[in-house]
Structure formats: structure tokens, C-alpha cells
Amino acid sequence: MKLYYSPLACSLADHISLVEAEAPFERESVDLKTKRTASGTDYRGITPKGYVPALVLDDGEILTENIAILDWLAAKYPALGVPGTLGRTRLLEALAFISTEVHGNFKPIWHAENEVQKARARMTISGFLDILSESLKGDYLFGAAPSVADFYLFVMLLWAERFDVSTPAPLIAMRQRIARRPAVQTAMQHEGLVSAIGQQADAAA
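Heads up, the sequence shown is in our numbering, so the first residue is 546 and it goes up one at a time.
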């Protein structure tokens, strides 16, 4: 497998998940402005969407979209998923909420110049983080072990810290807890990020 990522983008969730699962894979960074990979390849030849993540499977199939890739990883590596009859459905429910409501509302903060829009986005995101905080079932979203949804949420919590989004204390503790995991340290080091919380390197979303 090969993961195409951009440092501190949402693809960090996939990167962490692959390392956590001890999956054999290659990785290559993408410049989202030039659409060029680290080796000089036109990234649009890999996916015309032009954004990360993209995961090339062993048989050459290419997966895109964070929810799809994380769902596939949880199915292939059950330790990254959620057990039980409704496990996969609950996992997709969490992934969809994180993607559409939390991730989606960061766009004005990353790209808009209007401070009013940014302030409104911060308030909206903070409200959604409150909902996620109240849904914790232990140390993580689904209990004592992290899932791919927790790793996706972790990236959003890094963004929240970077952009001063008010975050409930249980999620701050969760962010710090996940940051200490060896797989997270490894993935962040590969992406050229500082592993200590609060000192992430600048990167494009």
C-alpha cells in the first residue's frame, strides 16, 4: 500500500491508523498548492480530486475520501474498529459527524480572510466538540481503545488547538493521551511535525 498525505492535513488520521495497525505501507507527501508529490509526480494523475488522502492498495485500486479510507482500514484491521453488531454503523456515524460537522466547519478558518466568519466557525466547531465530549465512553469515543474515528478526531483537536477553538477538558485530555501513543509519535515525525502538543509545525490543510 501507499499513502499520499500532506503534513497536518486530515490524512494524518490515515497515517496514524496505518502505523497503529503495523501495516506495511509506503508514504509520500503532496504539495497541495502545486499538486506535486515529493517525487515530482503530478498528483492529479493519481486522483483528479487533487486533495489528500489517497491510499493505493496492493492490487492497484485507489481509495480516496477520509471516511472511506478509515472505514476500509477498520475493516481490514479490526483493532482499529468498533466491536458489536452495530459497531461499524456507529463508527461510520462518528466518522460522518467528524467529517461533515467538525472538519467541514474549519474551512473558513483555514481559508477565509473575514474575521467574523472565522469567529463564527470557531463557535460552531466548539459546539460540535461539546457533543463529542459528552459521547465519550471512557478514554476514547468507544471505550478503552482508540478507533480510526479517534485518530480523525485527534487531528481535528490539533487544528482546534492551533486556531484557538474552545475545547472541552475531556477532549483536551484525550488529545494529550493520543499524542503519547508511539504510533502517533512515529506518524507525526514522518510528517515533519513536532510531536509535543502545542508545538505542531505549520502545514497546509
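Think of the CB as a built atom: it goes at the ideal place given N, C-alpha and C, for glycine as much as any other residue.
query: With distances taken from CA atoms, which of W704, G632 and A639 is nearest P653?; result: W704
query: Run the proximity test for C555: is its beta-carbon closer than 6 angstroms to any non-hydrogen atom belonging to the ligand HEM?; result: Because no ligand of any kind appears in the structure shown, any question about the ligand HEM cannot be addressed here.
query: Within its chain, find whatever has a CB closer than 8 angstroms to the CB of D616; leave out the 5 residues flanking it on each side and keep chain order.; result: R633, L636, L637, L640 and V693
query: According to DSSP, is V751 helix, strand or coil?; result: Not covered by the structure: residue 751. The range shown for the chain is 546 to 750.
query: Apart from the five residues just before and just after S711, which ones in its own chain have a Cβ nearer than 6 angstroms to its Cβ?; result: S671
query: Counting along the chain, where does the beta strand (DSSP E) carrying L681 start and finish?; result: Neither: L681 is in no beta strand (DSSP E) and is coded neither H nor E.
query: What three-state label does DSSP hand R581 in the structure shown?; result: strand
query: For L618 and S562, I'd like the C-alpha separation in whole angstroms.; result: 8 angstroms
query: So what does DSSP say about S711, is it helix, strand or coil?; result: coil
query: May I ask you to report which of helix, strand or coil DSSP gives D604?; result: coil
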